[in-house]
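To keep things clear, I will list the structure first and then write my remarks on it.
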Amino acid sequence: AQSVTQLGSHVSVSEGALVLLRCNYSSSVPPYLFWYVQYPNQGLQLLLKYTTGATLVKGINGFEAEFKKSETSFHLTKPSAHMSDAAEYFCAVSGSGGGYNKLIFGAGTRLAVHP
Amino acid sequence: DVKVTQSSRYLVKRTGEKVFLECVQDMDHENMFWYRQDPGLGLRLIYFSYDVKMKEKGDIPEGYSVSREKKERFSLILESASTNQTSMYLCASSLSGALNQPQHFGDGTRLSIL
Numbered sequence: 001a002q003s004v005t006q007l008g009s010h011v012s013v014s015e016g017a018l019v020l021l022r023c024n025y026s027s028s029v030p031p032y033l034f035w036y037v038q039y040p041n042q043g044l045q046l047l048l049k050y051t052t053g054a055t056l057v058k059g060i061n062g063f064e065a066e067f068k069k070s071e072t073s074f075h076l077t078k079p080s081a082h083m084s085d086a087a088e089y090f091c092a093v094s095g096s097g098g099g100y101n102k103l104i105f106g107a108g109t110r111l112a113v114h115p
Numbered sequence: 001d002v003k004v005t006q007s008s009r010y011l012v013k014r015t016g017e018k019v020f021l022e023c024v025q026d027m028d029h030e031n032m033f034w035y036r037q038d039p040g041l042g043l044r045l046i047y048f049s050y051d052v053k054m055k056e057k058g059d060i061p062e063g064y065s066v067s068r069e070k071k072e073r074f075s076l077i078l079e080s081a082s083t084n085q086t087s088m089y090l091c092a093s094s095l096s097g098a099l100n101q102p103q104h105f106g107d108g109t110r111l112s113i114l
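Taken in order, these protein sequences are the chains called B and D.
The first sequence begins at 1 in the numbering used here and counts up by one.
The second sequence begins at 1 in the numbering used here and counts up by one.
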């Protein structure tokens, strides 16, 4: 069965500092991996996805993530945090939904950015 | 851009009521999904549909049913609402069931059962 673990339910950084949100997955099949962001009182917005090919994936708003098969990780980074990055971030995996793109989500990491 | 619209942002109902949550997408997507979101648990799949009138149970289908009479519309039904169904409900759609297809989400319905 597939699963996703996000290390740290809350992360706090200073404006301008590096953002690192951790995601580890478990999958018996080649995974497809996604990061979503949720701003207050809104739905989830796709940040980036890894399907095949290049292991370093660039997304919107300056975020990127690197797929590391040997570490079963897909950590999300941004070189310089902005106040507008404060939100909840979800890592998700798909790949074994019986032929359908069912997603398994991590529990989420809430990012706080302080001045 | 894909637009997934959920009919209500906030809803308050009473225990035992039959509750309907509606979701419409405007991009002719094949697949549609219903999740509930609870703090610390992430999103959990209730039901999904891969075609009109076709549905599959997700991880937590108990107490829920769904209806997809038209391709663009996917309804979640709480047959007899209970307080433990108080939650945020999110609808999503995807172009197809291909595993690399992302899901596109609505803004959610925050449902309170009193």
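Glycine is no exception: its CB is placed at the ideal position from the N, C-alpha and C atoms.
Keep in mind that this is a model prediction, so the values were computed, not measured.
Would you list the one or two residues that DSSP bridges to residue i?
{"i": "arginine 68 of chain D", "result": "According to DSSP, arginine 68 of chain D bridges with nothing at all."}
{"i": "alanine 92 of chain B", "result": "B:Phe34 and B:Phe105"}
{"i": "serine 28 of chain B", "result": "Paired residue(s): none; serine 28 of chain B is not in a bridge."}
{"i": "valine 2 of chain D", "result": "According to DSSP, which records beta bridges pairwise, valine 2 of chain D is partnered with nothing at all."}
{"i": "serine 12 of chain B", "result": "B:Ala112"}
{"i": "tyrosine 10 of chain D", "result": "D:Arg110"}
{"i": "lysine 65 of chain B", "result": "At residue 65 of chain B the sequence reads alanine, which differs from the lysine that was named. In the DSSP output, where bridge partners are listed per residue, alanine 65 of chain B has B:Val57 and B:Leu76."}
{"i": "alanine 87 of chain B", "result": "B:Leu111"}
{"i": "threonine 51 of chain B", "result": "None, per the DSSP bridge assignment."}
Rounded to whole angstroms, what is the Cα-Cα separation between residue i and residue j?
{"i": "valine 24 of chain D", "j": "leucine 90 of chain D", "result": "12 Å"}
{"i": "valine 57 of chain B", "j": "glutamate 66 of chain B", "result": "6 Å"}
{"i": "phenylalanine 33 of chain D", "j": "lysine 78 of chain B", "result": "30 Å"}
{"i": "leucine 111 of chain B", "j": "glutamate 69 of chain D", "result": "40 Å"}
{"i": "tyrosine 47 of chain B", "j": "phenylalanine 20 of chain D", "result": "Looking at the sequence provided, one finds leucine at residue 47 of chain B rather than tyrosine. One C-alpha to the other measures close to 30 Å."}
{"i": "asparagine 84 of chain D", "j": "glycine 16 of chain D", "result": "12 Å"}
{"i": "histidine 104 of chain D", "j": "alanine 92 of chain D", "result": "5 Å"}
{"i": "glutamate 71 of chain B", "j": "asparagine 24 of chain B", "result": "8 Å"}
{"i": "phenylalanine 34 of chain B", "j": "isoleucine 113 of chain D", "result": "32 Å"}
{"i": "valine 52 of chain D", "j": "valine 113 of chain B", "result": "44 Å"}
{"i": "threonine 109 of chain D", "j": "methionine 27 of chain D", "result": "21 Å"}
{"i": "glutamine 6 of chain B", "j": "isoleucine 77 of chain D", "result": "31 Å"}
{"i": "glutamine 151 of chain B", "j": "leucine 43 of chain D", "result": "Missing from the structure shown is residue 151 of chain B; chain B here goes from 1 to 115 and no further."}
{"i": "tyrosine 100 of chain B", "j": "proline 115 of chain B", "result": "43 Å"}
{"i": "serine 84 of chain B", "j": "glycine 62 of chain B", "result": "12 Å"}
{"i": "serine 3 of chain B", "j": "asparagine 31 of chain D", "result": "22 Å"}
{"i": "lysine 18 of chain D", "j": "aspartate 107 of chain D", "result": "22 Å"}
{"i": "leucine 103 of chain B", "j": "glycine 16 of chain B", "result": "32 Å"}
{"i": "aspartate 38 of chain D", "j": "glycine 97 of chain D", "result": "25 Å"}
{"i": "threonine 52 of chain B", "j": "valine 12 of chain D", "result": "44 Å"}
{"i": "glycine 59 of chain B", "j": "leucine 18 of chain B", "result": "16 Å"}
Taking CB distances under 7 Å as the criterion, tell me whether residue i reaches chain B.
{"i": "serine 75 of chain D", "result": "no"}
{"i": "glutamine 116 of chain D", "result": "Outside the shown range of chain D, which is 1 to 114, sits residue 116 of chain D, and nothing can be said about it."}
{"i": "tyrosine 50 of chain D", "result": "yes"}
{"i": "leucine 11 of chain D", "result": "no"}
{"i": "leucine 21 of chain D", "result": "no"}
{"i": "leucine 43 of chain D", "result": "yes"}
{"i": "leucine 90 of chain D", "result": "yes"}
Residues of chain D with CB closer than 7 Å to the CB of residue i, please, in chain order.
{"i": "phenylalanine 34 of chain B", "result": "Pro102"}
{"i": "serine 94 of chain B", "result": "Leu99"}
Find the residues of chain D that neighbour residue i, judging by a C-beta separation of less than 8 Å, and give them in chain order.
{"i": "glutamine 42 of chain B", "result": "Asp107 and Gly108"}
{"i": "serine 9 of chain B", "result": "Gly40"}
{"i": "phenylalanine 90 of chain B", "result": "Gly42 and Leu43"}
Using beta carbons (cut-off 7 Å, strictly below), is residue i in contact with chain D?
{"i": "alanine 1 of chain B", "result": "no"}
{"i": "threonine 72 of chain B", "result": "no"}
{"i": "leucine 185 of chain B", "result": "Shown here, chain B extends from 1 to 115; a query on residue 185 of chain B therefore has no answer."}
{"i": "glycine 16 of chain B", "result": "no"}
{"i": "glycine 106 of chain B", "result": "yes"}
{"i": "threonine 51 of chain B", "result": "yes"}
Could you name the residues of chain B that residue i contacts, counting a contact when the two beta carbons are closer than 8 Å?
{"i": "serine 94 of chain D", "result": "Asn101"}
{"i": "leucine 111 of chain D", "result": "Those within 8 Å of leucine 111 of chain D in chain B number zero; the least Cβ separation is about 14 Å."}
{"i": "asparagine 31 of chain D", "result": "Tyr100 and Asn101"}
Given the structure, does residue i come close to the ligand MN, in the sense that its CB is under 6 Å from one of the ligand's heavy atoms?
{"i": "tyrosine 32 of chain B", "result": "Absent from the structure shown: the ligand MN. Ligands present: none."}
Problem set entry | Whole runs of the beta strand (DSSP E) within the segment 13-87 of chain D, excluding any shorter than 3 residues | 19-25, 31-38, 42-51, 54-57, 64-70 and 73-78
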